[in-house]
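Using UniProt numbering, the first residue of the sequence shown is number 1, and each one after it goes up by one.
What follows is a short report on a single structure.
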Amino acid sequence: MSFQSGFTSMDVILQGKDAAEWVYRGEGAANLVLGYRGSSPAFVGKVLRVEKVPRSETELNHDDSVLSTNERVVWGDVKELVNSESKEALRRSFVLHVMKPLLGSQHVDAGRPVFVSREFLESVEKNVLSQRPSWRVDAAKVNTVRESALLISDHSVFPHVSGTLKEDLCLAVEIKPKCGFLPSSRFIEERNAVKKSVSRFKMHQLLKLHKQEISRISEYDPLDLFSGSKERISRAIRALYSAPQNNFRIFLNGSLIFGGLGGGMDEVKSKSSGPFEDLTEGIINAEYGQRLSSFLELVSETIFRSGLTERLLRVQKLDQLDIEGAIHAYYNIISEPCRVCRCPVCKCPACKCETEVGISKHSFLHSISIQESIKIVREYLVAATAKDCSLMISFRLRSSGNLASDFGIVQLEQSNETFDYKAYFIDLDMKPLEKMVYYYELDQKIVSCYKKMQQTERLESDGSDPCVEMMQRQQVEEQRRHTRNPRSYDQNYDIVEKYGDNVVVQPLYPWVFLSTATTVVLKAYLWLFQKTVVSVDMLCSKCKKKVMKLLAGIEGINSIVLDSSKSTATVIGEADPVQIINKVRKFRKSATFVTIGPPKDEKKDEKKEIYSYCPKTCHKCDTWYVVGEEQFNYCSIL
Numbered sequence: 001m002s003f004q005s006g007f008t009s010m011d012v013i014l015q016g017k018d019a020a021e022w023v024y025r026g027e028g029a030a031n032l033v034l035g036y037r038g039s040s041p042a043f044v045g046k047v048l049r050v051e052k053v054p055r056s057e058t059e060l061n062h063d064d065s066v067l068s069t070n071e072r073v074v075w076g077d078v079k080e081l082v083n084s085e086s087k088e089a090l091r092r093s094f095v096l097h098v099m100k101p102l103l104g105s106q107h108v109d110a111g112r113p114v115f116v117s118r119e120f121l122e123s124v125e126k127n128v129l130s131q132r133p134s135w136r137v138d139a140a141k142v143n144t145v146r147e148s149a150l151l152i153s154d155h156s157v158f159p160h161v162s163g164t165l166k167e168d169l170c171l172a173v174e175i176k177p178k179c180g181f182l183p184s185s186r187f188i189e190e191r192n193a194v195k196k197s198v199s200r201f202k203m204h205q206l207l208k209l210h211k212q213e214i215s216r217i218s219e220y221d222p223l224d225l226f227s228g229s230k231e232r233i234s235r236a237i238r239a240l241y242s243a244p245q246n247n248f249r250i251f252l253n254g255s256l257i258f259g260g261l262g263g264g265m266d267e268v269k270s271k272s273s274g275p276f277e278d279l280t281e282g283i284i285n286a287e288y289g290q291r292l293s294s295f296l297e298l299v300s301e302t303i304f305r306s307g308l309t310e311r312l313l314r315v316q317k318l319d320q321l322d323i324e325g326a327i328h329a330y331y332n333i334i335s336e337p338c339r340v341c342r343c344p345v346c347k348c349p350a351c352k353c354e355t356e357v358g359i360s361k362h363s364f365l366h367s368i369s370i371q372e373s374i375k376i377v378r379e380y381l382v383a384a385t386a387k388d389c390s391l392m393i394s395f396r397l398r399s400s401g402n403l404a405s406d407f408g409i410v411q412l413e414q415s416n417e418t419f420d421y422k423a424y425f426i427d428l429d430m431k432p433l434e435k436m437v438y439y440y441e442l443d444q445k446i447v448s449c450y451k452k453m454q455q456t457e458r459l460e461s462d463g464s465d466p467c468v469e470m471m472q473r474q475q476v477e478e479q480r481r482h483t484r485n486p487r488s489y490d491q492n493y494d495i496v497e498k499y500g501d502n503v504v505v506q507p508l509y510p511w512v513f514l515s516t517a518t519t520v521v522l523k524a525y526l527w528l529f530q531k532t533v534v535s536v537d538m539l540c541s542k543c544k545k546k547v548m549k550l551l552a553g554i555e556g557i558n559s560i561v562l563d564s565s566k567s568t569a570t571v572i573g574e575a576d577p578v579q580i581i582n583k584v585r586k587f588r589k590s591a592t593f594v595t596i597g598p599p600k601d602e603k604k605d606e607k608k609e610i611y612s613y614c615p616k617t618c619h620k621c622d623t624w625y626v627v628g629e630e631q632f633n634y635c636s637i638l
C-alpha cells in the first residue's frame, strides 16, 4: 500500500494484506471500529468505521438503498443528503451539514470515506471475531459487499502536524451521556406520566436488567451530568466509572485500559495488565492510590467548565413533543393510518371516530400540514442522534513553558497540574426514519417495565401476599384451559402463567426471585416440571463442552442430553427452568425454551428422534451423558 504526497482517502483501496494493520477497538449496533497500528502517515492517528449487517440478513438482500422515498421527503431541503450516492457519503454529509452546525465545528469530525476491497473486509471479519462480544457476534457480521468505510481521526490521542503521534502521554475518556432532560410534552399519555419525573436512562436500566443485557443497575443519572452543578457532575462521573456498561471507557495513548468493548452484561475488559495507578504515573502527579480519583475529578472539571453538555442538551431538546407526539407526525408523512390512534370500540383510527370514547386528543397532530409533520419528525430524529452520541475528551499534561495552545486548558487543583484537552462528539449517525415505530414501542416497554416494578414494590410495602394472588390467577387459568397442552415456554419469556393460546407472562425483575414469598410460589408452580428442553446453537465440540459445564453446576439435575443436530439441550430433574435458561444464556444469549414438562410425555419419541442407540454414560461421573459422537462422547465436567 503506497501513498503520494497529494493523497486523499479515496485515492487508495485497502486490500486483504492491509487488514493485519487494523485492530479491533469496539463496536456499536451498526458499525465496527478499528484502530490503526501500522506506520503509514496517512493512517496514523485514525480509526476506521466498518458497517455491519444483521446475521438474519445476507449482504445481498440487505437494504442497500441510501434513502427511502419517505426519507427523501423528510430531508428534501438538505441537498447534500438527497444527492448522496452511498451510505458512507450519506453519513458524512449528515454529520457535516446537519450535526456540525448544531454542535460546533470545533467539536465535530465528519471523517472521510476510503475504498475497501472485499478481501480486506473478509480478513477484518476473521481477525476480530475472537475479540468481539459473543452476543454481538450472534447479532451481526461485517458487511463484506461494502466498497468503502469511514476514516475518522482517533480522538483518544493528540496528533502531530506531520501525521505522526507525539510521544506525550495522553489519557482519554469516552462517555455516552444519554438523554439529559425530562420531557414535558402534553401528548404524553396520563398512564405514562412517570416519564415526566424519572429519567429515561434510569427506567431503561430495569428493562435491560430484565433482558439480561446488564448484570446490575447503574446509579448514573444523566440529569446529574447535564445539571450544570459541579457536585452533581462529579457524582455522575463516579457512577459511570462504578458501572461503566457501554457508557464509559478510558484510553491511554489510544489503547483501552478501562471499560467495555461494546458488549453486554457489564463486560469490562482491559488491554493492559497494570492497574490504573501504575499506568497513569507521569500523567497525573497525585499520590499512589489517588490518581484515579484525580482523573475523575479532571473529567468532571472539564465538563463543568467547557459548556459541552449545554451545547448537546440544546440539540436533544429539539425533541419537543416526545415520541408519543412525534409518532403521529410520522404516520402523516408515510400516509398510513396511525397505528397508535386506535379506537378501543371499533378499532378504526380514533381521530376519525366519534364514538362514546370521544375524539382522540391526538387528532390535532393528524390535522397539521405535511410541512409541520416533517419538521416535527426531522427534529425528533436529530435529537435522537444527540441522545445516542458519545463524547470523547482527551488530556495531555501541559508543558510548563508552553503558553500558546490550539486546545482547551483545564487545571487539576489536587495536583496543581495543567492539561491541554480536546473534546469531540462522535457516533453522530443519522437515524433511519423507519425506526420511529421501534422508538415508540421501546418507549412503551420501558415505561411498562418501570411501572410494574413500582407495583411490585407497593405490594411488598402494603403487606399484600403475592403468593396468594399468583396462585389465584393460576387457578383461574387452569379452569379456562380446555386442552392438556404440554406446559411450554414462549421464546421471549421465562415463566409461564397461562397456557395454550393464552398470554405468556414473566416476572419482569430478576430480584423478585429473592423474595421469600415469590420463591415459594415459583417452587410450588415448578415442582412438576421434570424435563426442560432448551434451544441453543452448538457450533462445535467446544460449544457443547461449554454448555455442559454451565449446566453441570445446577442442583437438582439427573441427566443432560445435548443434541447438536436439533440444537437442543434436554435436562431431566427438578432443577429450576429459570436457572437453566439463565445459565445457558451466559454462553449463548439467543438461547430459548422449547418445552417443559414431565419426561414421560415425550420420552418414547425423544429416544427415536435423538438417539441412534442408547446414550453413553460419562466415564467420569454417573449422571451426565450426551448424544454419542466420535469427538464428544463424555461430559468433560471435571
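Note that CB positions come from ideal geometry on N, CA and C, so glycine has one too.
Whole-angstrom distance between residue j and residue i, CA atom to CA atom
| i | j | result |
| --- | --- | --- |
| Leu34 | Tyr288 | 33 Å |
| Gln15 | Thr280 | 37 Å |
| Ser306 | His204 | 28 Å |
| Leu318 | Tyr380 | 6 Å |
| Tyr450 | Lys387 | 20 Å |
| Ala193 | Glu71 | 31 Å |
| Arg311 | Tyr36 | 31 Å |
| Gly408 | Lys549 | 53 Å |
| Leu539 | Thr568 | 12 Å |
| residue 687 | Lys375 | Residue coverage of the chain in this structure runs from 1 to 638, which leaves residue 687 outside it and unanswerable. |
| Arg118 | Ser294 | 46 Å |
| Phe181 | Pro41 | 42 Å |
| Leu442 | Ala383 | 16 Å |
| Ala326 | Ser153 | 35 Å |
Beta-carbon proximity list for residue i, same chain, < 8 Å, skipping 5 on both sides
| i | result |
| --- | --- |
| Leu67 | Trp75, Leu81, Val82, Ser84 and Leu90 |
| Gly104 | Arg311 |
| Glu372 | Ala329 |
| Thr69 | none |
Residue i: CB within 7 Å of a non-hydrogen atom of the ligand FMN
| i | result |
| --- | --- |
| Ala591 | Of ligands this structure carries none, so the ligand FMN is not represented either. |
Residue range of the alpha helix (DSSP H) that includes residue i
| i | result |
| --- | --- |
| Cys543 | Ser541 to Ala552 |
| Glu297 | Arg291 to Ser306 |
| Trp75 | Neither: Trp75 is in no alpha helix (DSSP H) and is coded neither H nor E. |
| Arg339 | First-last for Arg339: undefined, no H or E at that position. |
| Tyr380 | Ile370 to Asp388 |
| Arg136 | Ser134 to Ala139 |
| Val584 | Pro577 to Phe587 |
Of the residues the options, the one placed nearest residue i, counting alpha carbons only
| i | options | result |
| --- | --- | --- |
| Ser363 | Gly26, His328, Glu119 and Thr385 | His328 |
| Leu223 | Arg25, Pro177 and Gln212 | Pro177 |
| Ala30 | Gly45, Val23, Tyr24 and Val53 | Val53 |
| Pro598 | Tyr438, Glu417, Ser565 and Glu574 | Glu574 |
| Glu174 | Asn246, Lys126 and Arg232 | Asn246 |
| residue 639 | Arg398, Gln454, Asn143 and Tyr438 | Because the chain is modelled from 1 through 638, residue 639 falls outside the range shown and cannot be assessed. |
| Lys195 | Ile557, Ile446, Ser590 and Asp576 | Ile446 |
| Lys452 | Val547, Leu206 and Ser199 | Leu206 |
Under 8 Å between C-beta atoms of residue i and residue j
| i | j | result |
| --- | --- | --- |
| Asp109 | Tyr421 | no |
| Pro244 | Gly254 | no |
| Arg585 | Asp537 | no |
| Glu324 | Phe187 | yes |
| Ala149 | Arg49 | yes |
| Val533 | Thr595 | yes |
| residue 639 | Ser390 | Absent from the model: residue 639. The displayed extent of the chain is 1 to 638, so no value can be given. |
| Val571 | Ile581 | no |
| Lys544 | Ser565 | no |
| Ser156 | Phe251 | yes |
| Pro159 | Gly45 | yes |
| Asn332 | Ile370 | yes |
Chain-order list of residues whose beta-carbon lies under 6 Å from that of residue i (same chain, five-residue window excluded)
| i | result |
| --- | --- |
| Ile237 | Leu296, Val299 and Ser300 |
| Cys351 | In this prediction, Cys351 scores a pLDDT of 49, lower than 50, which makes its location untrustworthy; the coordinate-derived value is nonetheless stated afterwards. Excluding sequence neighbours, Cys351 sits near Cys341, Ser360, Ser363 and His366. |
Same chain, Cβ closer than 7 Å to residue i, neighbours up to 5 away in sequence not counted
| i | result |
| --- | --- |
| Glu21 | Tyr36, Arg37 and Gly38 |
| Lys603 | Residue placement at Lys603 is flagged as unreliable, the pLDDT there being 43, under the threshold of 50; the coordinate-derived value follows with that caveat. Correct list: empty, nothing qualifies. |
| Val78 | His97 and Val98 |
| Lys100 | Val108 and Ala110 |
Run of the beta strand (DSSP E) containing residue i, from where it starts to where it stops
| i | result |
| --- | --- |
| Phe115 | Arg112 to Val116 |
| Val47 | Lys46 to Pro54 |
| Asn31 | Asn31 to Tyr36 |
| Leu240 | Taken as a continuous stretch (DSSP letters only), Leu240 belongs to no beta strand (DSSP E), being part of the alpha helix (DSSP H) at Lys230 to Ser242. |
| Lys208 | Element bounds for Lys208: not the beta strand (DSSP E) but the alpha helix (DSSP H), Arg200 to His210. |
| Val27 | Position check: residue 27 holds Glu in this sequence, whereas Val was assumed. Trp22 to Glu27 is the span of the beta strand (DSSP E), which, as asked, contains Glu27. |
Any chain D beta carbon closer than 8 Å to residue i
| i | result |
| --- | --- |
| Asn332 | Absent here is chain D; the protein component of the structure consists of one chain. |
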